[in-house]
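Protein chains in written order, with our numbering: chain A, 1 to 189; chain B, 1 to 189. We treat Cβ as the ideally placed atom computed from N, Cα and C, and that holds for glycine. Everything below concerns the one structure shown next.
Number of protein chains: 2
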Amino acid sequence: MKGENRKQEIIQTAAKLFTEKGYSAVTMRDLAKAMGIKAASLYNHINSKQDILKSIIISLAETFTNGMESIKASNDNSIEKLKKIVTLHVEITSQNAYGMASLNNDWMHLEEQLDYYLKLRSDYEDDFRLIINRGIKTNELHNVNAEVALFSMLSTLRSLYLWLPKKEDIQKEQLTANLIEVLLDGINN
Amino acid sequence: MKGENRKQEIIQTAAKLFTEKGYSAVTMRDLAKAMGIKAASLYNHINSKQDILKSIIISLAETFTNGMESIKASNDNSIEKLKKIVTLHVEITSQNAYGMASLNNDWMHLEEQLDYYLKLRSDYEDDFRLIINRGIKTNELHNVNAEVALFSMLSTLRSLYLWLPKKEDIQKEQLTANLIEVLLDGINN
DNA sequence: GTCTATATTTTGATAGAC
DNA sequence: GTCTATCAAAATATAGAC
Numbered sequence: 001m002k003g004e005n006r007k008q009e010i011i012q013t014a015a016k017l018f019t020e021k022g023y024s025a026v027t028m029r030d031l032a033k034a035m036g037i038k039a040a041s042l043y044n045h046i047n048s049k050q051d052i053l054k055s056i057i058i059s060l061a062e063t064f065t066n067g068m069e070s071i072k073a074s075n076d077n078s079i080e081k082l083k084k085i086v087t088l089h090v091e092i093t094s095q096n097a098y099g100m101a102s103l104n105n106d107w108m109h110l111e112e113q114l115d116y117y118l119k120l121r122s123d124y125e126d127d128f129r130l131i132i133n134r135g136i137k138t139n140e141l142h143n144v145n146a147e148v149a150l151f152s153m154l155s156t157l158r159s160l161y162l163w164l165p166k167k168e169d170i171q172k173e174q175l176t177a178n179l180i181e182v183l184l185d186g187i188n189n
Numbered sequence: 001m002k003g004e005n006r007k008q009e010i011i012q013t014a015a016k017l018f019t020e021k022g023y024s025a026v027t028m029r030d031l032a033k034a035m036g037i038k039a040a041s042l043y044n045h046i047n048s049k050q051d052i053l054k055s056i057i058i059s060l061a062e063t064f065t066n067g068m069e070s071i072k073a074s075n076d077n078s079i080e081k082l083k084k085i086v087t088l089h090v091e092i093t094s095q096n097a098y099g100m101a102s103l104n105n106d107w108m109h110l111e112e113q114l115d116y117y118l119k120l121r122s123d124y125e126d127d128f129r130l131i132i133n134r135g136i137k138t139n140e141l142h143n144v145n146a147e148v149a150l151f152s153m154l155s156t157l158r159s160l161y162l163w164l165p166k167k168e169d170i171q172k173e174q175l176t177a178n179l180i181e182v183l184l185d186g187i188n189n
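Next up, the structure:
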């Protein structure tokens with residue numbers, strides 16, 4: 001489709017601005033200025049501000065869902081599945097850190113797609129929880145509180161967008177390995 | 001001071017609304033409606049919307065700074081200090097979860113106090129990092145990547161506001177113990 | 001301490017020329 | 001595809017009556 005490139009450019013620029021100030025505090029005039037055009041011109045490429053937010057968030061949420069489906073379908077044991085989840089988060093976040101910020105912080109400003117997003121997120125967390133519980137049952141994992149373990153891993157993985165852009169020097173694979181070590185084995189000697 | 005109670009009531013109500021939609025998306029009319037009065041009436045108690053945000057964030061940030069000073073001043077070893085940091089976060093978050101949401105998500109909308117806040121946060125992270133590095137040096141901790149360990153612990157502790165309100169049934173002490181176990185010892189068997 | 005009324009600015013979005 | 005001009009709604013905040 002003609003002009004689809006320009007639309008993607010607008011969406012990426014918007015994601016960066018949303019990361020810095022949040023969806024509500026970014027005006028169409030801010031976005032236009034960052035693109036070097038006037039606000040009215042944006043509407044030749046996008047339908048509305050809300051449309052931009054939807055484009056950023058939904059595709060990312062679906063990418064996580066697809067990744068989790070693939071992990072569920074594998075024959076890996078629980079530990080391997082958890083490692084793959086870490087890899088999934090590092091992979092997606094390193095490709096679109098600004099989008100991840102919007103996903104994490106501005107999902108509540110979705111309108112028509114809010115319920116759909118909440119369903120995707122809830123299902124993702126359920127799958128994650130199931131893997132942890134399975135690992136405890138098979139003695140692959142300590143008998144920790146599963147909810148606390150889930151919360152801790154998810155909090156860390158969801159915050160990666162804050163941290164990954166600053167660490168371009170570190171290899172993605174090295175970071176993934178370090179994260180797996182800290183999240184699975186802890187830091188205590 | 002007369003009416004100081006009403007001011008605190010407004011600040012607490014605002015913190016709750018900020019948690020749900022973010023500072024920028026909450027209007028003075030929203031806040032007034034939640035208080036059961038008209039927007040103009042709010043200005044008899046507070047100077048501006050910005051003034052409310054400042055009141056929420058700065059006092060919390062200073063509470064963290066004071067807590068960290070106390071931990072630094074103690075004679076505890078590194079592990080004990082890390083445990084005390086976990087306790088500090090659970091303590092503060094359980095007392096003011098909505099305020100913690102604003103602290104985490106709306107600090108960038110501070111105006112006059114932004115630089116002061118950033119200094120407090122940066123110093124806090126430096127102190128935290130020093131404790132981890134000391135623990136590695138003394139062999140109390142694994143030789144993990146200190147930055148990754150700091151990032152993981154901070155991400156989890158900063159996300160507590162999302163999770164604590166849902167778990168009122170769990171004893172605060174039990175949660176603290178579970179968190180320490182997961183963060184320090186990991187989940188791997 | 002709360003109200004009504006209002007000033008001023010800013011917002012998302014549209015119409016139509018080029 | 002971008003512009004100027006503009007609209008209608010919504011925002012923060014103030015003034016002054018009660």
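When C-beta atoms of the segment 37–44 of chain A are compared with those of the segment 113–129 of chain B, fewer than three pairs fall below 8 Å, so the two segments do not count as touching. Under the three-pair Cβ rule at 8 Å, the segment 90–103 of chain B counts as touching the segment 57–71 of chain B.
Apart from sequence neighbours up to five positions away, the residues of its chain that approach B:Y161 with a beta-carbon distance below 6 Å are T93, A97, M100, A101, ordered along the chain.
Here A:K7 is near A:H45, since their CB atoms are less than 8 Å apart.
It is roughly 19 Å from the alpha-carbon of A:S48 to the alpha-carbon of B:S24. Around A:W163, the beta-carbon contacts reaching into chain B at under 7 Å are F151.
Counting other Cβ atoms within 10 Å of its Cβ, A:N75 stays below 16 and is therefore classed as exposed. Under DSSP, B:L141 takes part in a beta bridge, and its partners are A:N188. The beta carbons of A:A149 and B:V144 sit no closer together than 8 Å. Rounded to the nearest whole angstrom, the C-alpha separation of B:W163 and A:F151 is 8 Å.
For the 8 Å CB-CB criterion, B:T138 and A:T156 do not form a contact. One alpha carbon belongs to B:K21, the other to A:L154, and they sit about 21 Å apart.
Note on geometry: alpha-carbon atoms of A:D30 and A:K172 lie some 33 Å from one another. Taking all protein chains in view, the Cβ of A:S78 is crowded by 16 or more other Cβ atoms within 10 Å, so the residue is classified as buried. Considered as a whole, the segment 66–128 of chain B harbours 78–95, 97–105 as its complete alpha helix (DSSP H) runs of no fewer than 4 residues, in chain order. B:N178 sits in a helix when the DSSP states are folded into three classes.
Relative to the Cα of A:E91, the nearest Cα in the group A:A14, A:R158, A:N5 belongs to A:R158.
B:T176 sits buried, since 16 or more C-beta atoms from the chains shown fall within 10 Å of its C-beta. Between A:D123 and A:T65, the CB-CB gap stays under 8 Å.
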